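Everything in the sequence shown is counted per UniProt numbering, starting at 1 for the first residue and increasing by one. Note that CB positions come from ideal geometry on N, CA and C, so glycine has one too. Bear in mind that the values here come from a model prediction, so they are computed numbers and not experimental data. All remarks here apply to the structure that follows.
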Amino acid sequence: MSNDAPNEKEQLQTEARNLGIDVNDEWDAPVLKRKITMARNAKEDFGGKGDHDNDGKAGGAKDAKLVPMLLKRNYVPMGHFDIVGHHRKEVTEKNASGQIIVKSPAVFVEGEMAPPPMPGVGSDNKVWSGTTVRLPIEEAKRAKDLGIAERSFDD
């Protein structure tokens, strides 16, 4: 068996420390590579990978073309996004005589994210399924290809 893996790990640890990363000795090579890549992208002045508008940050301009997408699964967008809204279901109730009464009609709620599936769950930036969001074109294509979202025409 080759002895290259420990040398590679040591080199990655040294490089990570040079970039100012607090290195955990238990991290393996893939974790170190990911941390190094993230640190490099964060330190680039402009024009780095993912910096589409040369503002020194990943992601495109806020006025870049955004595409409305209906989320089929919960999703954490990678860059800038706008919440369009969600479809609130009709709330009905059956009275004593067996008639169905509409308590609240089905409506599209603008500017609001769909409610979580159960109370007390979630994380920062997570958008719940059923929400229509506007995503940058490339991210929208990726989400569609992965089956996370489908094209929406609510705008």
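1. Taking Leu70 and Ala149 to be in contact with their CB atoms under 8 Å, please state how far apart those CB atoms are, rounded to whole angstroms.
2. Identify whether Glu90 lies in helix, strand or coil by the three-state DSSP scheme.
3. Given a cut-off of 8 Å, decide if Val23 and Pro77 are closer than it, judged by their beta-carbon atoms.
4. Using three-state DSSP, classify residue 157 as helix, strand or coil.
5. Expressed to the nearest angstrom, what Euclidean distance is found between the alpha-carbon atoms of Val107 and Asp124?
6. If you measure between the beta carbons of Pro105 and Glu93, is that distance less than 8 Å?
7. Excluding the five sequence neighbours on either side, which residues of its own chain have a C-beta within less than 7 Å of the C-beta of Leu66, listed in chain order?
8. For Ala114, does the three-state DSSP call read helix, strand or coil?
9. Tell me whether Lys126 is buried or exposed, calling it buried when 16 or more other Cβ atoms sit within 10 Å of its Cβ.
10. In the DSSP output, which residue or residues are listed as bridge partners for Val67?
11. Smallest Cα separation from Glu138: which of Thr14, Gly111, Lys72 and Gly79?
12. Compare the C-alpha of Glu110 against each of Pro68, Ile36, Thr14 and Lys9 and name the closest.
13. State the Cα-Cα distance for the pair Arg88 and Thr14, rounded to the nearest angstrom.
This is what the structure holds:
1. Along the sequence shown, read from residue 1 onward, the residue named residue 70 stands at position 70. Along the sequence shown, read from residue 1 onward, the residue named residue 149 stands at position 149. The pair is a contact, with the Cβ atoms about 6 Å apart (cut-off 8 Å).
2. On the sequence shown, residue 90 is found 90 positions in, with the first residue counted as 1. It is coil, neither helix nor strand.
3. Residue numbering aside, residue 77 sits at position 77 when the sequence shown is read from its first letter. Residue numbering aside, residue 23 sits at position 23 when the sequence shown is read from its first letter. Going by C-beta atoms, Pro77 is not nearer than 8 Å to Val23.
4. Only positions 1 to 155 of the chain appear in this structure, which leaves residue 157 out of reach.
5. Stepping through the sequence shown from its first residue, residue 107 is reached at position 107. Stepping through the sequence shown from its first residue, residue 124 is reached at position 124. Approximately 26 Å, taken between the alpha carbons.
6. Taking the first residue of the sequence shown as position 1, residue 105 is located at position 105. Taking the first residue of the sequence shown as position 1, residue 93 is located at position 93. Going by C-beta atoms, Pro105 is not nearer than 8 Å to Glu93.
7. Translated into the one-based positions of the sequence shown, residue 66 becomes position 66. Asp82, Arg134, Leu135 and Pro136.
8. Residue 114 sits at position 114 when you count from the first residue of the sequence shown. Note: Ala114 maps to coil in three-state DSSP.
9. Sequence index remark: in the sequence shown, residue 126 carries index 126 (1-based). With fewer than 16 Cβ atoms within 10 Å of its Cβ, Lys126 is classed as exposed.
10. Here residue 67 refers to the residue found at position 67 when the sequence shown is read from its first residue. In the DSSP output, where bridge partners are listed per residue, Val67 has Leu135.
11. If you number the sequence shown from 1, residue 138 lands on position 138. That would be Gly79, whose Cα lies nearest to the Cα of Glu138.
12. Locating residue 110 in the sequence shown gives position 110, counting from the first residue. Minimum Cα distance to Glu110 is reached at Pro68.
13. Translated into the one-based positions of the sequence shown, residue 88 becomes position 88. Translated into the one-based positions of the sequence shown, residue 14 becomes position 14. Cα to Cα, Arg88 sits roughly 53 Å from Thr14.
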